[in-house]
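Okay, so here's the structure we're looking at.
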Amino acid sequence: MEKIHTHTGVGVPLRRSNVDTDQIIPAVYLKRVTRTGFEDALFAAWRGDPSFVLNQEAYSKGSVLVAGPDFGTGSSREHAVWALKDYGFRVVLSSRFADIFRGNSGKQGLVAGVVSPEDIEILWKILETKPGTEVTVDLEAKTATADDVTVPFQIDDYTRWRLMEGLDDIGLTLQQADAIAAFEETREPWRPKTLPAKHLPSIEIEAARPV
Amino acid sequence: MAGTLAEKVWEAHLVRRGEGGSPDLLYIDLHLVHEVTSPQAFEGLRLAGRQVRRPDLTIATEDHNTPTLDIDRPIADATSRTQIETLRANAKEFGVRLHSLGDADQGIVHQVGPQLGLTMPGLTVVCGDSHTSTHGAFGALAFGIGTSEVEHVLATQTLPLAPFKTMAITVDGTLPAGATSKDIILAIIAKIGTGGGQGYVLEYRGEAIRALSMEARMTICNMSIEAGARAGMIAPDETTFEYLKGRPHAPEGADWDAAVEYWKTLRSDDDAEFDAEVVLEASDLEPFVTWGTNPGQGLPLSASVPVPADIADEGERETAAKALEYMGLEPGIPLRDIHVDTVFIGSCTNGRIEDLRSVAKVVKGRQKADSVRVLVVPSSARVRLQAEAEGLDVIFKDFGAEWRNAGCSMCLGMNPDQLAPGERSASTSNRNFEGRQGKGGRTHLVSPLVAAATAIRGTLSSVSDLDLPEEIDLTTFDGTPLDGVGASPLGEFVTDLPMPIASRPVGQPALR
Numbered sequence: 001m002e003k004i005h006t007h008t009g010v011g012v013p014l015r016r017s018n019v020d021t022d023q024i025i026p027a028v029y030l031k032r033v034t035r036t037g038f039e040d041a042l043f044a045a046w047r048g049d050p051s052f053v054l055n056q057e058a059y060s061k062g063s064v065l066v067a068g069p070d071f072g073t074g075s076s077r078e079h080a081v082w083a084l085k086d087y088g089f090r091v092v093l094s095s096r097f098a099d100i101f102r103g104n105s106g107k108q109g110l111v112a113g114v115v116s117p118e119d120i121e122i123l124w125k126i127l128e129t130k131p132g133t134e135v136t137v138d139l140e141a142k143t144a145t146a147d148d149v150t151v152p153f154q155i156d157d158y159t160r161w162r163l164m165e166g167l168d169d170i171g172l173t174l175q176q177a178d179a180i181a182a183f184e185e186t187r188e189p190w191r192p193k194t195l196p197a198k199h200l201p202s203i204e205i206e207a208a209r210p211v
Numbered sequence: 001m002a003g004t005l006a007e008k009v010w011e012a013h014l015v016r017r018g019e020g021g022s023p024d025l026l027y028i029d030l031h032l033v034h035e036v037t038s039p040q041a042f043e044g045l046r047l048a049g050r051q052v053r054r055p056d057l058t059i060a061t062e063d064h065n066t067p068t069l070d071i072d073r074p075i076a077d078a079t080s081r082t083q084i085e086t087l088r089a090n091a092k093e094f095g096v097r098l099h100s101l102g103d104a105d106q107g108i109v110h111q112v113g114p115q116l117g118l119t120m121p122g123l124t125v126v127c128g129d130s131h132t133s134t135h136g137a138f139g140a141l142a143f144g145i146g147t148s149e150v151e152h153v154l155a156t157q158t159l160p161l162a163p164f165k166t167m168a169i170t171v172d173g174t175l176p177a178g179a180t181s182k183d184i185i186l187a188i189i190a191k192i193g194t195g196g197g198q199g200y201v202l203e204y205r206g207e208a209i210r211a212l213s214m215e216a217r218m219t220i221c222n223m224s225i226e227a228g229a230r231a232g233m234i235a236p237d238e239t240t241f242e243y244l245k246g247r248p249h250a251p252e253g254a255d256w257d258a259a260v261e262y263w264k265t266l267r268s269d270d271d272a273e274f275d276a277e278v279v280l281e282a283s284d285l286e287p288f289v290t291w292g293t294n295p296g297q298g299l300p301l302s303a304s305v306p307v308p309a310d311i312a313d314e315g316e317r318e319t320a321a322k323a324l325e326y327m328g329l330e331p332g333i334p335l336r337d338i339h340v341d342t343v344f345i346g347s348c349t350n351g352r353i354e355d356l357r358s359v360a361k362v363v364k365g366r367q368k369a370d371s372v373r374v375l376v377v378p379s380s381a382r383v384r385l386q387a388e389a390e391g392l393d394v395i396f397k398d399f400g401a402e403w404r405n406a407g408c409s410m411c412l413g414m415n416p417d418q419l420a421p422g423e424r425s426a427s428t429s430n431r432n433f434e435g436r437q438g439k440g441g442r443t444h445l446v447s448p449l450v451a452a453a454t455a456i457r458g459t460l461s462s463v464s465d466l467d468l469p470e471e472i473d474l475t476t477f478d479g480t481p482l483d484g485v486g487a488s489p490l491g492e493f494v495t496d497l498p499m500p501i502a503s504r505p506v507g508q509p510a511l512r
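Sequence order for the protein chains is B and Y.
Sequence positions in the first sequence follow the UniProt record's numbering and run 1 to 211.
Sequence positions in the second sequence follow the UniProt record's numbering and run 1 to 512.
Pasting the structure below:
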């Protein structure tokens, strides 16, 4: 994962609350088996609307999304993070994130910073008054700056450290391989195993037909 | 030290306690895999030259992207077919057990775990799907994860996790006739909001919860995520043990006794402290339906569509106005006046055998409204077989409903089962987001009983709007089959070689 210390890019005001992951990327785009190439799917239902913020020239190259509360609710699809990143976003600021979305962001190097609702309102006003304004996000200082306004954001220390060091979670955990093996020795025999497979006898399933 | 149920399960899975702000490392007992959120995870393993650490704690099925018609023919959509083929190839390469389309154990991943007896109290269960919270009904700590975490669990069988807060949700009293566990959870979400559970594990408790069947409890835990919580749990009891006993992967003999002894300790201590508490009275509940575009926008069916102008908070007013515009609803009209085009009965929320039985009780011998399309999609192939053994399929077909093969189907509209733009559904599923069931589709979340009554009347309805014969008991759905039809016995199960099913080409029938 790429190290991130600061990022500067055009801020995009998304004046909506409860932007769920079905809106970030509808399910029909989840059929792909690749990890990239989801930029066309981002906010697909809204992209056809000329008044949608990303369809306005000044915001179309945005990389810092400033969204309303409860961003990323619903489905666990990491595709939502991939779509934001593929489009060019590096930072999302909101007053509240869904837990799974925030976790997914951290794994993929997308900064999800929690900003107070009042400060989100201030950022929106700046970005709407002067479209194309750049926002500088400083992970070290945990601040976002637009024009002459600097607001603080929250991010948990562990995620921040991993983002700044560009560390791979799996690699970190595999350093604990001995502890994992030792834990496995203590697991009780009643805990389930999927193999060898046990199941009821196989019975033919009749295929339903269109009526 | 006194602890909550969730804390006890957490502590029992600590591989390593995090120090200095780093997360705890938790062992994962059961990893459920499906075709949509796994291909990039397996690809990650391949690129890093890593193996699946514990294929024997991993199981895969095909559900999100599978057709519910013509399942014995090649999947028409090429991208969908590729995704299914990719899962089959990955399962084969990495030695993961897979139940494919056409197999009797294929189905929605959250049905497959419980019905095989793999889901048990005291486990940690994860899956790349937010409705993994369903398994919390057994007293497991179960939550959805993203694809990076899927890869992490495949490679290490652990997850680094930051501790959570705990919320007790107590539901006292007795549910009135016509109200179900779906109405309980919709009322909870309406009360605490879609972000109310964020950062918490919810524990549902109280008289009304204890009285519920296992399947009804699964409906409640399933929608914990709709309140923003990653997980919801219910302490195991005799209902749980009864459901599990004799299932294919349930412990046997001395292992069963040891397990039950341990499971009985899995309850929040009397003096355990929760970070938040919510109390609800079940006898006050009536059937709930959603009117907006998030699951928190729900009201009792007797209410009217909200009038945004009457909402004091500016943000909420705008949100409500936007939702009503999308939903195409006049402010202030009674919810019962809303006409629907489609009734969808299915999903990991309400596609189990008890749900199908309750719908069948209501629609038996009747005709659906002419204007309504009715889709019945069992949550698994086994549920379909069970329903057919009980004659429910005949009741549905006589009613005018379509009887489909198992899968996620119209809950998320990934396969061809979608709403057309502007089409309105009453759906027993879990999300009413914009475009969830198809671009421009409008969703009202309802219980199976409301779905059945709505299918008959064509407008959002409860069973109290129908002239039901008095002998139909709608107060309990405890797994009792309909009168006059016998439940098929669970029967003896078979033990297969480790990898029975992984390598069939798409569209071929399962091994017999």
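Just so it is clear, CB atoms sit at the ideal spot from N, CA and C, and this is done for glycine as well.
Given the structure is predicted, the values throughout are model-derived calculations rather than measurements.
- The beta carbon of Leu161 of chain Y is closer than 7 Å to those of Pro23, Asp24, Leu26 in its chain, skipping five residues each way along the sequence.
- For Gly109 of chain B, no chain Y residue has a C-beta closer than 7 Å to its own C-beta; the minimum C-beta separation is roughly 10 Å.
- Within chain B, the residues Thr173, Gln176 have their CB atoms less than 7 Å from the CB of Leu25 of chain Y, given in chain order.
- Judged by DSSP secondary structure, Cys221 of chain Y falls within the alpha helix (DSSP H) whose first and last residues are 214-222.
- For Asp148 of chain B, none of the residues of chain Y pass the 9 Å Cβ criterion, the least Cβ distance being about 27 Å.
- Scanning B:Thr73, B:Gly11, B:Glu2 for the CA closest to the CA of Ile24 of chain B turns up B:Thr73.
- Per DSSP, the beta bridge partners of Thr342 of chain Y are Y:Arg373, Y:Ser425.
- Per DSSP, Thr454 of chain Y is one residue of the alpha helix (DSSP H) stretching across 448-457.
- When rounded, the separation of the alpha-carbon atoms in Arg15 of chain B and Gly315 of chain Y is 10 Å.
- Interface annotation, Phe94 of chain Y: not in contact with chain B, CB-CB separation never under 7 Å.
- In the structure shown, the three-state DSSP call for Arg50 of chain Y is coil.
- Rounded to whole angstroms, Gly113 of chain Y and Ser17 of chain B show a C-alpha spacing of 34 Å.
- Remark: C-beta atoms of Ile395 of chain Y and Lys364 of chain Y approach each other more closely than 7 Å.
- Between Pro192 of chain B and His99 of chain Y, the C-beta gap is not smaller than 7 Å, which leaves the two residues out of contact.
- In the DSSP assignment, Val279 of chain Y falls within the unbroken beta strand (DSSP E) covering 276-281.
- When 7 Å is used as the limit between beta carbons, Gly107 of chain Y is near no residue of chain B, the shortest such separation being about 10 Å.
- At least one CB of chain Y lies nearer than 7 Å to the CB of Arg35 of chain B.
- Short of 8 Å from the beta carbon of Thr459 of chain Y, and not among the five residues preceding or following it, lie these beta carbons of its own chain, in chain order: Arg336, Asp337, Ile338, His339, Val340.
- Using a Cβ-Cβ cut-off of 7 Å, Arg160 of chain B does not count as an interface residue toward chain Y, since no Cβ of chain Y sits closer than that to its own.
- Residue ranges of uninterrupted alpha helix (DSSP H) with 4 or more members, entirely inside the region 41-90 of chain B and ordered along the chain, are 44-47, 79-87.
- Under the 10 Å beta carbon count, Gln367 of chain Y is surrounded by fewer than 16 other beta carbons and is classified as exposed.
- Secondary structure note for Ile192 of chain Y: its alpha helix (DSSP H) is the uninterrupted segment 181-192.
- Counting C-beta pairs with one atom in each stretch, the region 398-417 of chain Y and the region 63-74 of chain Y have three or more that are closer than 8 Å, which means they touch.
- Secondary structure note for Gly113 of chain B: its beta strand (DSSP E) is the uninterrupted segment 111-114.
- In the DSSP assignment, Ala231 of chain Y forms a beta bridge with Y:Val201.
- Straight-line spacing of the CA atoms in Leu154 of chain Y and Met233 of chain Y works out to 24 Å.
- Considering only beta carbons, the part of the UniProt region "Disordered" (419-440) of chain Y lying closer than 7 Å to chain B consists of Arg431, Phe433, Glu434, Gly435, Arg436, Lys439, in chain order.
- Secondary-structure assignment with DSSP links His7 of chain B through a beta bridge to B:Val137.
- Residues of the same chain with a CB within less than 6 Å of the CB of Arg230 of chain Y, apart from the 5 flanking positions on each side, are Phe143 in chain order.
- Of the other Cβ atoms in all chains shown, 16 or more fall within 10 Å of the Cβ of Ala369 of chain Y; this residue is therefore buried.
- Look at the beta carbons and you see the region 442-449 of chain Y touching the region 283-293 of chain Y: at least three pairs across the two are nearer than 8 Å.
- For the region 129-150 of chain Y, residues whose beta-carbon sits nearer than 9 Å to a beta-carbon of chain B comprise Asp129, Ser130, His131, Thr132, Phe143, Gly144, Ile145, Gly146, Thr147, Ser148, Glu149, Val150.
- Close to Ala104 of chain Y, with beta-carbon spacing below 9 Å, are these residues of chain B in chain order: His199, Leu200, Pro201, Ser202, Ile203, Glu204, Ile205.
- Within 8 Å of the CB of Met414 of chain Y, the CB atoms of chain B belong to Ala27, Val28, Leu30, Lys31, in sequence order along the chain.
- Residue contact check for Gly195 of chain Y against chain B: a CB pair falls below 7 Å.
- If you check each beta-carbon in the region 58-82 of chain Y against every beta-carbon of chain B, the ones closer than 7 Å belong to Thr58, Ile59, Asn65, Thr68, Leu69, Asp70, Ile71, Asp72, Thr79, Ser80, Thr82.
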